[in-house]
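2 protein chains.
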Amino acid sequence: MRRQNLSLVLGAVAGHSPLSRADVAGRVGLTRAAVSSLVDELIGRGAVTEAAATASGRVGRPGRALAVNDRGPAGLGLEIGVTHVGACVVDLRGEPRVWRRVERENAGRPAAEVLARTAALATDAQAEAEALGLRVEGRVLAVPGVVPNEPAGLVERAPNLGWCAVRLADHWPDPDTVPEPENEANLGALAEYWSTEQTARTFVHVSAETGIGAALVIDGRLFRGARGFAGELGHIPVQPDGVPCACGARGCLEQYAGEAAVLREAGLTPHEAADPVALLADRAAAGHAATLGALDRAGRALGLALASAVELIDPDGLVLGGAYAELADWLLPSVRAELAARVSVRPWAPQALRPSALGRRGPLLGAALTTVRRIMTDPMLLPAG
Amino acid sequence: MRRQNLSLVLGAVAGHSPLSRADVAGRVGLTRAAVSSLVDELIGRGAVTEAAATASGRVGRPGRALAVNDRGPAGLGLEIGVTHVGACVVDLRGEPRVWRRVERENAGRPAAEVLARTAALATDAQAEAEALGLRVEGRVLAVPGVVPNEPAGLVERAPNLGWCAVRLADHWPDPDTVPEPENEANLGALAEYWSTEQTARTFVHVSAETGIGAALVIDGRLFRGARGFAGELGHIPVQPDGVPCACGARGCLEQYAGEAAVLREAGLTPHEAADPVALLADRAAAGHAATLGALDRAGRALGLALASAVELIDPDGLVLGGAYAELADWLLPSVRAELAARVSVRPWAPQALRPSALGRRGPLLGAALTTVRRIMTDPMLLPAG
Numbered sequence: 001m002r003r004q005n006l007s008l009v010l011g012a013v014a015g016h017s018p019l020s021r022a023d024v025a026g027r028v029g030l031t032r033a034a035v036s037s038l039v040d041e042l043i044g045r046g047a048v049t050e051a052a053a054t055a056s057g058r059v060g061r062p063g064r065a066l067a068v069n070d071r072g073p074a075g076l077g078l079e080i081g082v083t084h085v086g087a088c089v090v091d092l093r094g095e096p097r098v099w100r101r102v103e104r105e106n107a108g109r110p111a112a113e114v115l116a117r118t119a120a121l122a123t124d125a126q127a128e129a130e131a132l133g134l135r136v137e138g139r140v141l142a143v144p145g146v147v148p149n150e151p152a153g154l155v156e157r158a159p160n161l162g163w164c165a166v167r168l169a170d171h172w173p174d175p176d177t178v179p180e181p182e183n184e185a186n187l188g189a190l191a192e193y194w195s196t197e198q199t200a201r202t203f204v205h206v207s208a209e210t211g212i213g214a215a216l217v218i219d220g221r222l223f224r225g226a227r228g229f230a231g232e233l234g235h236i237p238v239q240p241d242g243v244p245c246a247c248g249a250r251g252c253l254e255q256y257a258g259e260a261a262v263l264r265e266a267g268l269t270p271h272e273a274a275d276p277v278a279l280l281a282d283r284a285a286a287g288h289a290a291t292l293g294a295l296d297r298a299g300r301a302l303g304l305a306l307a308s309a310v311e312l313i314d315p316d317g318l319v320l321g322g323a324y325a326e327l328a329d330w331l332l333p334s335v336r337a338e339l340a341a342r343v344s345v346r347p348w349a350p351q352a353l354r355p356s357a358l359g360r361r362g363p364l365l366g367a368a369l370t371t372v373r374r375i376m377t378d379p380m381l382l383p384a385g
Numbered sequence: 386m387r388r389q390n391l392s393l394v395l396g397a398v399a400g401h402s403p404l405s406r407a408d409v410a411g412r413v414g415l416t417r418a419a420v421s422s423l424v425d426e427l428i429g430r431g432a433v434t435e436a437a438a439t440a441s442g443r444v445g446r447p448g449r450a451l452a453v454n455d456r457g458p459a460g461l462g463l464e465i466g467v468t469h470v471g472a473c474v475v476d477l478r479g480e481p482r483v484w485r486r487v488e489r490e491n492a493g494r495p496a497a498e499v500l501a502r503t504a505a506l507a508t509d510a511q512a513e514a515e516a517l518g519l520r521v522e523g524r525v526l527a528v529p530g531v532v533p534n535e536p537a538g539l540v541e542r543a544p545n546l547g548w549c550a551v552r553l554a555d556h557w558p559d560p561d562t563v564p565e566p567e568n569e570a571n572l573g574a575l576a577e578y579w580s581t582e583q584t585a586r587t588f589v590h591v592s593a594e595t596g597i598g599a600a601l602v603i604d605g606r607l608f609r610g611a612r613g614f615a616g617e618l619g620h621i622p623v624q625p626d627g628v629p630c631a632c633g634a635r636g637c638l639e640q641y642a643g644e645a646a647v648l649r650e651a652g653l654t655p656h657e658a659a660d661p662v663a664l665l666a667d668r669a670a671a672g673h674a675a676t677l678g679a680l681d682r683a684g685r686a687l688g689l690a691l692a693s694a695v696e697l698i699d700p701d702g703l704v705l706g707g708a709y710a711e712l713a714d715w716l717l718p719s720v721r722a723e724l725a726a727r728v729s730v731r732p733w734a735p736q737a738l739r740p741s742a743l744g745r746r747g748p749l750l751g752a753a754l755t756t757v758r759r760i761m762t763d764p765m766l767l768p769a770g
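Taken in order, these protein sequences are the chains called X and R.
The numbering of the first sequence is this note's numbering, which starts it at 1 and goes up by one.
The numbering of the second sequence is this note's numbering, which starts it at 386 and goes up by one.
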């Protein structure tokens, strides 16, 4: 009960600060004495600060302003992509305070080497955060692969990295800072849900980096599937007898709307640019016919796969995240056209499909926010002052 | 709290009777006095009966045997199919006590006429149940159509009946006995979950009558989608440029694995037999080549659509229900082969796909069991004695 009330008070402060203790009591419906005790505990645990006096112009004894601590507990997010490593620290308000991204080829490198480099970046990011007065309370690592519900700490398969059954603890240099792995598409969806204005509570978030993943948020919660493998949109068959896929099947969406397929169709080679997504966007903006054709074809394949998702799951919304968000101007028309043609047994509004506001920053932000959201839900996770 | 404890005690009696009051107290971890008061209330509400004395050979003062009342509260299930109407009454133990099915062409008939006939069958079934000492406490109607989450009482679309926006209350003769509509595939899945031994708690249940529907049970609960339209497996595209479907799209599963498509491929006409499913099974059992070919083709299309469901939802299991259960001997090999070829980014056991034990009885049974399950969860729904 105290746990819930601490969360309630912290949520009120986060959503409406500056508030005095009296304001909080009025808002959450607890007595002033109870709120004061809860606020004292939140201050002790470093979650909340109390200023000298409010600047409110209201009549009566001025309360002192409470605010969520921006020099206290923080979440560290890490990301291993096929061609980059990232680190991010967000404070308890959810604001990113440290953001690092290093381009680096990770595909086919030994997991131990990739993880050691990620750990080094994590150490740098943490030091930078500490210099800002922040204290890292949790570490989550976004990976482009399958993370089963159990056992904890395992990346079962990350085909685009060449990983199979990698247990992070086996390779991470410092046993005290081993991060918790999570699928990048799941984290991108959560970041979208947590940090942007959402009308949809049940939605499918599609993200593309080198591969294509999706995440299902059902009634505001991530649905990971019976074993943690939900959302493998990239391997939905869109052409039953289509081209072979690296996964062993044929005609998978990834072969039509994945980065390599789009680049090939656009007449580009994957290593032609440091940032192939930006290159595609530039060429499309310049009216390059082959690029426009490739994106149209990708959009139609994506629309076909998403039609299956709509028929099965009946979401409120569909979000195009990751690289797709940056290519949305050219993808949306054909995805929407395909959905309009396919989804006909129920009402479906074209606007229910929209690009993510976070784009490729989503997974890393989601990784960092995971810790913050846990603390907001249960402030007793923080060490007592 | 009392609500929960009533449910706890009723569940103990249902699962382990005969039990004495003392046995129940031992099992649920409440005091004997508390259990006695709860048992008295359950007896007063008609949910439980208490016999004169147990026949147990145990030492000590013999308790009197408690049992779930089989002459008390009951659930009435109704079903409107394309070519039949059904009614069923189950007692509080979940046992079917009345079962009626009348073959009758409903497609294209006015909804008012079909509902009036269903209401007449419901009246007969209820009278038969009352003669057995049962008291109908709730009415649910299984329909082959889309039932939105809201407003209550609406069948939004039932294409194979020719219904569009039918509000049951507008046509049902007696305002006191209007049933609650629910999609037949959903009810089939719930019946499977409630009445058979299940290892899977997250599964996709496919059912076929004239159309093809599916239902998603996630962690033991029916998932209806954001608006109530989840599980439209029949309109998943399996051939992007395939044959036109009645829904307006092309290449929908229903055009390859629906009853009409299978009959056509098998060289039969829909009206050749009173029971086309039984006819298909007979011909397949006799080795009729065209029938075997049609079922193999249907199984491959179904496997393709189910591969999408597995990639997206990651269920523990897949269940073939309705007519598919009766054709499972000939469908399972090709569905399993297709799943094996398509599902390759995760472990997938062929045994995770299995036929329903209930077959075409599922939806009607699920409709009747809905009321019973509600009472078991909240016995205070019953009028106090």
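We put the CB at the ideal spot given by N, CA and C, even for glycine.
Report the residue from the options whose alpha carbon sits nearest the alpha carbon of residue i.
{"i": "Glu105 (chain X)", "options": "X:His84, X:Pro270 and X:Gly138", "result": "X:His84"}
{"i": "Gly220 (chain X)", "options": "X:Asp241, X:Ile236 and X:Tyr193", "result": "X:Tyr193"}
{"i": "Arg224 (chain X)", "options": "X:Thr210, X:Gly242, X:Asp241 and X:Val204", "result": "X:Val204"}
{"i": "Ala631 (chain R)", "options": "X:Arg342, X:Ala87 and X:Gly234", "result": "X:Arg342"}
{"i": "Leu331 (chain X)", "options": "X:Ala368, X:Asn160 and X:Ala281", "result": "X:Ala281"}
{"i": "Glu569 (chain R)", "options": "R:Thr562, R:Glu582, R:Ile597 and R:Thr581", "result": "R:Ile597"}
{"i": "Ala710 (chain R)", "options": "R:Leu697, R:Gly747 and R:Gly688", "result": "R:Gly747"}
{"i": "Arg139 (chain X)", "options": "X:Ala384, X:Leu292 and X:Leu365", "result": "X:Leu365"}
{"i": "Arg430 (chain R)", "options": "R:Ala669, R:Leu395 and R:Ala686", "result": "R:Leu395"}
{"i": "Leu369 (chain X)", "options": "X:Val24, X:Ala107, X:Cys164 and X:Leu187", "result": "X:Leu187"}
{"i": "His556 (chain R)", "options": "R:Val453, R:Arg745 and R:Leu539", "result": "R:Leu539"}
{"i": "Leu42 (chain X)", "options": "X:Gly29, X:Ala52 and X:Leu66", "result": "X:Leu66"}
Does DSSP put residue i in a helix, in a strand, or in coil?
{"i": "Ile428 (chain R)", "result": "helix"}
{"i": "Gly493 (chain R)", "result": "coil"}
{"i": "Pro622 (chain R)", "result": "strand"}
{"i": "Glu535 (chain R)", "result": "coil"}
{"i": "Gly547 (chain R)", "result": "coil"}
{"i": "Leu332 (chain X)", "result": "helix"}
{"i": "Val372 (chain X)", "result": "helix"}
{"i": "Gly242 (chain X)", "result": "coil"}
Distance, Cα to Cα, residue i vs residue j?
{"i": "Glu567 (chain R)", "j": "Val528 (chain R)", "result": "6 Å"}
{"i": "Ala340 (chain X)", "j": "Pro622 (chain R)", "result": "13 Å"}
{"i": "Arg721 (chain R)", "j": "Leu664 (chain R)", "result": "24 Å"}
{"i": "Leu382 (chain X)", "j": "Ser36 (chain X)", "result": "18 Å"}
{"i": "Ala5 (chain X)", "j": "Ala289 (chain X)", "result": "With the sequence shown as reference, residue 5 (chain X) is identified as Asn, and Ala is not the correct amino acid for it. The straight-line gap from Cα to Cα measures roughly 59 Å."}
{"i": "Val521 (chain R)", "j": "Arg494 (chain R)", "result": "28 Å"}
{"i": "Val90 (chain X)", "j": "Met380 (chain X)", "result": "19 Å"}
{"i": "Arg27 (chain X)", "j": "Ala12 (chain X)", "result": "7 Å"}
{"i": "Ala432 (chain R)", "j": "Pro481 (chain R)", "result": "17 Å"}
{"i": "Leu519 (chain R)", "j": "Asp455 (chain R)", "result": "8 Å"}
{"i": "Ala226 (chain X)", "j": "Pro544 (chain R)", "result": "33 Å"}
{"i": "Thr377 (chain X)", "j": "Arg3 (chain X)", "result": "8 Å"}
Only counting the same chain, and skipping five residues up and downstream in sequence, which positions put a Cβ closer than 6 Å to that of residue i?
{"i": "Val146 (chain X)", "result": "Glu156, Arg157 and Phe229"}
{"i": "Leu141 (chain X)", "result": "Leu78, Pro179 and Pro181"}
{"i": "Ala472 (chain R)", "result": "Leu463, Arg485, Leu506, Ala507 and Ala510"}
{"i": "Ala328 (chain X)", "result": "Leu320 and Pro355"}
Could you check whether the Cβ of residue i sits closer than 9 Å to any Cβ belonging to chain X?
{"i": "Ile465 (chain R)", "result": "no"}
{"i": "Glu696 (chain R)", "result": "yes"}
{"i": "Gly616 (chain R)", "result": "yes"}
{"i": "Val424 (chain R)", "result": "no"}
{"i": "Ser693 (chain R)", "result": "yes"}
{"i": "Gly479 (chain R)", "result": "no"}
{"i": "Arg731 (chain R)", "result": "yes"}
Less than 9 Å between CB atoms is the rule here; does residue i satisfy it with respect to chain R?
{"i": "Asp316 (chain X)", "result": "yes"}
{"i": "His235 (chain X)", "result": "yes"}
{"i": "Thr269 (chain X)", "result": "no"}
Near residue i, what residues of its chain come up, given a Cβ to Cβ distance below 7 Å and the 5 sequence neighbours on each side ignored?
{"i": "Ala690 (chain R)", "result": "Leu618, Ile621, Val623 and Leu638"}
{"i": "Arg758 (chain R)", "result": "Trp579"}
{"i": "Gly448 (chain R)", "result": "Ser405, Arg406, Ala407, Asp408 and Thr439"}
Comparing the C-beta of residue i with each C-beta of chain A, is any distance below 9 Å?
{"i": "Val319 (chain X)", "result": "Included in the structure are the protein chains X and R, with no chain A among them."}
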